[in-house]
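In my numbering, the protein residues as written are 1061 to 1201.
Right, one structure below, let's go through it.
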């Protein structure tokens, strides 16, 4: 199956074109003379999630497949307000996805001091356990 995209031509017609685009069409697209649209002619949103694909709600394990991390990264980037496309996520390595999107984004907790916004679940658990142990030790004194 050949990948295709839809282009709104100079005369207003919608054309389905195979990828890779011919260099003259690619040049016109780059210059804004023609533009990419959906099959029905509506504006194309490169950040839009494909039909039938739901955002990942649970962070995948480190051993999960790269595809799982791609789905998670796209959804997580949307939640963070800095959306990336599926193509952008697929261009990264699994390790890069884990580094960029595998950490929790926690706000600073003024009660317990400033914590790293990018601490992992494991780091947060260790920090919380250490804080609990310190509080228990202080209560015993």
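Glycine included, each C-beta is placed from N, C-alpha and C at the ideal position.
No experiment lies behind these values; they were computed from the predicted model shown.
Nearest residue (CA-CA) to residue i, options the options
{"i": "residue 1122", "options": "1159, 1071, 1076", "result": "1159"}
{"i": "residue 1151", "options": "1162, 1126, 1163, 1194", "result": "1126"}
{"i": "residue 1011", "options": "1091, 1120, 1096, 1092", "result": "Here the chain covers residues 1061 to 1201 and nothing more, so residue 1011 does not appear."}
{"i": "residue 1140", "options": "1162, 1064, 1083, 1155", "result": "1162"}
{"i": "residue 1145", "options": "1183, 1104, 1155", "result": "1104"}
{"i": "residue 1063", "options": "1081, 1090, 1138", "result": "1081"}
{"i": "residue 1106", "options": "1085, 1143, 1131", "result": "1143"}
Buried versus exposed call for residue i [16 or more other C-beta atoms within 10 Å across all chains shown]
{"i": "residue 1072", "result": "exposed"}
{"i": "residue 1200", "result": "exposed"}
{"i": "residue 1133", "result": "buried"}
{"i": "residue 1093", "result": "exposed"}
{"i": "residue 1119", "result": "buried"}
{"i": "residue 1136", "result": "buried"}
{"i": "residue 1149", "result": "buried"}
{"i": "residue 1131", "result": "buried"}
Beta-carbon proximity check, residue i vs residue j, cutoff 8 Å
{"i": "residue 1077", "j": "residue 1101", "result": "no"}
Terminal residues of the beta strand (DSSP E) in which residue i lies
{"i": "residue 1031", "result": "Here the chain comprises residues numbered 1061 to 1201, so residue 1031 is not present and cannot be evaluated."}
First and last residue of the uninterrupted alpha helix (DSSP H) at residue i
{"i": "residue 1130", "result": "1126-1140"}
{"i": "residue 1157", "result": "1154-1161"}
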